[in-house]
Structures are given as C-alpha cells and as structure tokens.
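Take any residue in the sequence shown, note its place counting from 1, add 1158, and you have its number in my numbering.
For every residue, glycine included, the Cβ atom is placed at its ideal position computed from N, Cα and C.
These numbers were taken from a predicted model, which means no experiment stands behind them.
Remarks on the structure that follows.
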Amino acid sequence: DNWSDRRVAFGLFLCLWLTYGFIGPGGSIMNSNSVTRMGLVYSILEEHSLKIDSFADLTIDKAQFGGHYYPDKAPGLSFMALPVVSLVLPALRTMHMERRPVIGRIFTTSYYVTGWLACVVTSSLFTAFAAATLYLLARHCRASKSAGLFGALVFGLAMPSAGWATVFFSHATAGACLFVAFALMILVSEASSEGRLGSIFHLGYESVVGFQGM
C-alpha cells in the first residue's frame, strides 16, 4: 500500500483545512463573540492596549471597568490570531486597503479579511488537526484504514465540530486541543488493545462533543 497512515492523515488534514477555509466565517465574523475577540486583536496591535473601547458599541460581550471596556472572553484565541493578523495588516496597507477595522459602525474589508484569517489559523486549523489525529488514533487501535477514515470524516464534516471550525469562537479550538491531548495520552501509553477500543472512542467522543456543546 503506497498510502501510509501518515500520508492519509496529512491528506485528510489538508482537505479539511482547505474546506473550512473555503467556507470561512461569513457573517458570523460580525457576531458579538467574534467582534470581542477581533477587537482585542486590533487593540493590542494598533493601540498596544487590552481595552476594546473602539469596539464597545458593536458587541455585548464586554466588561466595563474604570470607564473602559474589556473583553469578557478568555484571551487565548485572540492571542493565537495575533501573529497572522500582525503580518497581514502591513500587506493590506501596501494594497491601499483601509487598515482600520471599523469606520463609524461599519466593518471594513480589512476587518473581514483579518477575521477570516484569524478563523483559518485557529478554529479551522485545529479542527482539521484533530480529525487527522482521530484517524491516527483509530489506526493505532487496530481499526482498518477505511474505518479510521470514515470516523475522521464524520467528525470533520458531519458533527458540530464542522460548524464550529468555520467561526472565530473558542469552541472548536478548545475541543480539538482537548481531544488531541486525550489521543496523545493513548498513543504515548501504547494503549492499543482491542478490549479498550470501545471505551477509548466513547471517552474521546464525550470529551469533544461535551466541550463543544458548552
């Protein structure tokens, strides 16, 4: 067989990542949850501050303290998107595109572009990686290639994870990290006996679905 498990896993990861990126966050990037996270990204890069005063009128996910507004979301997802957005903003300037994310109460093209990229390098990336990890875990537990691929595709395309992978929310990234950590514990401990297969996948399924449903 010319297709090793690593090649299959990489192909699966790439196909899912490109699919999520093609779908993109769409209008969800204007959701209050996403606006708060993107507001923190822009505030750090443009104002060197954690305040999101300039986005306060556009989101309900905020906390007021000392006359200023701050995100009421965990900052991890925004921090993860920082490197990519910081690299893209200068490029937008060279293309004579409006660098500011919001003018008045209107989101600019710059905001949509950076919001899409932020989603692609967080939610989309980690969900695709989790699907590839699921395939490798299935193979490690002596499932056939077709069974492992079926399970990974169901996770990547037919479960709530598919929807969360295309929005700049923390659900997909947090759930994916949880599952990858779970899989690594199994892979490292060499727990591949057939008798444990059912419990392994049951625990993994409950971990991902339960966390993403929060």
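Closest Cα partner of residue i within the set the options
i       : options                            : result
Gly1234 : Ile1344, Ala1341, Ala1330          : Ala1330
Gly1225 : Lys1231, Ala1214, Ala1232          : Ala1214
Ala1276 : Val1338, Ser1347, Ser1236, Tyr1227 : Ser1236
Gly1333 : Arg1257, Arg1300, Ala1289          : Ala1289
Phe1168 : Leu1345, Thr1272, Ala1286          : Ala1286
Phe1284 : Thr1324, Arg1251, Ala1301          : Thr1324
Residues that residue i bridges to, as DSSP identifies them
i       : result
Pro1241 : DSSP, once it has assigned bridges, lists no residue as partnering Pro1241.
Val1260 : Phe1265
Rounded C-alpha distance that separates residue i from residue j
i       : j       : result
Thr1205 : Asp1211 : The sequence given here places Glu at residue 1205; Thr does not occur at that position. If I take the Cα positions, the gap works out to 11 Å.
Ser1281 : Leu1172 : 14 Å
Gly1353 : Thr1291 : Residue confidence is low: Gly1353 scores 45 on pLDDT, short of 50, so the model does not pin down where it sits. Its coordinate-derived value is still stated next. Cα-Cα distance, rounded: 21 Å.
Phe1265 : Leu1198 : 15 Å
Ser1268 : Ala1316 : 31 Å
Gln1222 : Val1278 : 30 Å
Trp1274 : Gly1184 : 8 Å
Arg1257 : Leu1245 : 12 Å
Val1243 : Val1193 : 14 Å
Lys1231 : Trp1161 : 42 Å
Tyr1228 : Ser1347 : 42 Å
Phe1313 : Ala1239 : 24 Å
Environment of residue i [buried if 16+ CB atoms lie within 10 Å]
i       : result
Ala1320 : buried
Arg1195 : buried
Arg1297 : buried
Ile1202 : buried
Ile1218 : exposed
Leu1208 : exposed
Val1166 : buried
Pro1241 : exposed
Leu1295 : buried
Delimiting residues of the alpha helix (DSSP H) encompassing residue i
i       : result
His1226 : Note, His1226: premise wrong, no alpha helix (DSSP H); beta strand (DSSP E) at 1226-1229.
Lys1303 : 1303-1315
Ile1344 : 1329-1347
Thr1291 : 1283-1298
Trp1322 : 1318-1322
Gly1179 : 1163-1181
Gly1197 : 1190-1200
Beta strand (DSSP E) segment containing residue i, residue limits
i       : result
Ala1221 : 1220-1223
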